[in-house]
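J.: Mature numbering (1 follows the signal peptide of the UniProt record, and there is no 0) puts the sequence shown at residues -33 to -1, 1 to 125. Cβ atoms here follow ideal geometry from the backbone N, Cα and C, with glycine treated the same way. Just so you know, these numbers come straight off a predicted model, no measurement behind them. Before I ask anything, let me first share the structure, which is written out below as C-alpha cells.
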Amino acid sequence: MARTTNKPPGRGWRPLFLSFLGGMAVLAGVAVATTATDQAMFCGSCHSMDEAALTHRLSVHAELACNECHAPHNLLAKLPFKAKEGTRDIIATVSSSVPDLIHAGDETMQVIQDNCQRCHDATVSTVNMTAKPFCTDCHRHVPHSPKIPVAKRSAADV
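Next comes the structure, spelled out in C-alpha cells:
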C-alpha cells in the first residue's frame, strides 16, 4: 500500500519565492556596495589616497567615479577585480606598506587603457597607438596631476 503525505495544496511555491527574494536582496546589496565603493568620496577616505582624491577633484574627469577608470566596465570582470584590488589595498593600509607614490600595476594599467579607449573612442581612432602602449604614457597626469604645491592649495584642499 502506497503511503500518502498530507501536504497542504499550494505551499510548494513558498520556498522558491523566499529563495528568489533572498537572491534579490543579496543582488541589491552587492549593487549598492559596488556603487558606493566606486566613488571618489570612498576612495579618498583613506589617508594614502588624499593626493589622488585631491588631484581627481581638480581635474576635467572630476565628475567620474574612480572606478570608471580604475576598474573593468563589464560587471562580471569588475566584481572579482574590485575584490582583489580592494583586498590588496586594505592589506597595504593595515600593514602600513603603502608606497609614497602609488603607481598602477600592469593589470590596472590595461584596465585604465581599455577605459580610456572606451570613453574616448572617437578621439583615439585617429591616433597612432603603436608608439607607446598606454594613453597615460603621453597623458601621464590625467586626471591625477603631480603633487600640487602647498602654496597653490586652498584651505579646503589640505
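1. Rounding to the nearest angstrom, what Cα-Cα distance links D73 and N41 in this structure?
2. To the nearest angstrom, how far is the alpha carbon of C83 from that of G(-5)?
3. Please go through the same chain and pick out, in chain order, the residues whose beta-carbon is closer than 8 Å to the beta-carbon of D81, but skip the five residues on each side of it.
4. Around the Cβ of N95, are there at least 16 other Cβ atoms within 10 angstroms (buried) or fewer (exposed)?
5. Classify S(-15) as buried or exposed, calling it buried when 16 or more other Cβ atoms lie within 10 Å of its own Cβ.
6. Give every residue of the same chain whose Cβ lies closer than 7 Å to the Cβ of A71, excluding the five residues on either side of it in the sequence, and list them in chain order.
7. Alpha carbon to alpha carbon, how far is D5 from A98?
8. Once DSSP output is grouped into helix, strand and coil, what is the label at C93?
9. Please classify A122 as buried or exposed, where buried requires at least 16 other C-beta atoms within 10 Å of its C-beta.
10. From V(-13) to T103, what distance separates their C-alpha atoms?
11. CA-CA distance, A(-3) and H28?
T.: According to the structure shown:
1. Here residue 73 is taken as the residue at index 106 of the sequence shown, counted from 1. Here residue 41 is taken as the residue at index 74 of the sequence shown, counted from 1. In a straight line, the C-alpha of D73 is about 18 Å away from that of N41.
2. Along the sequence shown, read from residue 1 onward, the residue named residue 83 stands at position 116. Along the sequence shown, read from residue 1 onward, the residue named residue -5 stands at position 29. For C83 and G(-5), the distance between alpha carbons rounds to 29 Å.
3. Here residue 81 refers to the residue found at position 114 of the sequence shown. So the qualifying residues of the chain are P39, H40.
4. Looking up residue 95 in the sequence shown gives position 128. It is exposed - the Cβ of N95 has fewer than 16 other Cβ atoms within 10 Å.
5. Here the question's residue -15 lines up with position 19 in the sequence shown. S(-15) comes out exposed.
6. Along the sequence shown, one-based indexing puts residue 71 at 104. The residues are I79.
7. The residue you call residue 5 lines up with position 38 of the sequence shown. The residue you call residue 98 lines up with position 131 of the sequence shown. As the crow flies, the alpha-carbon of D5 is around 32 Å from that of A98.
8. As a working note, residue 93 is residue 126 in the sequence shown. The sequence given here has Thr at residue 93, not Cys. Three-state DSSP puts T93 in coil, outside helix and strand.
9. By 1-based counting over the sequence shown, the position of residue 122 is 155. Since pLDDT at A122 reaches only 47, below the 50 mark, its modelled position is unreliable, and no value is offered.
10. Along the sequence shown, read from residue 1 onward, the residue named residue -13 stands at position 21. Along the sequence shown, read from residue 1 onward, the residue named residue 103 stands at position 136. The sequence given here places Leu at residue -13; Val does not occur at that position. For L(-13) and T103, the distance between alpha carbons rounds to 44 Å.
11. For the purposes of this step, residue -3 is identified with residue 31 of the sequence shown, where counting begins at 1. For the purposes of this step, residue 28 is identified with residue 61 of the sequence shown, where counting begins at 1. Rounded to the nearest whole angstrom, the C-alpha separation of A(-3) and H28 is 23 Å.
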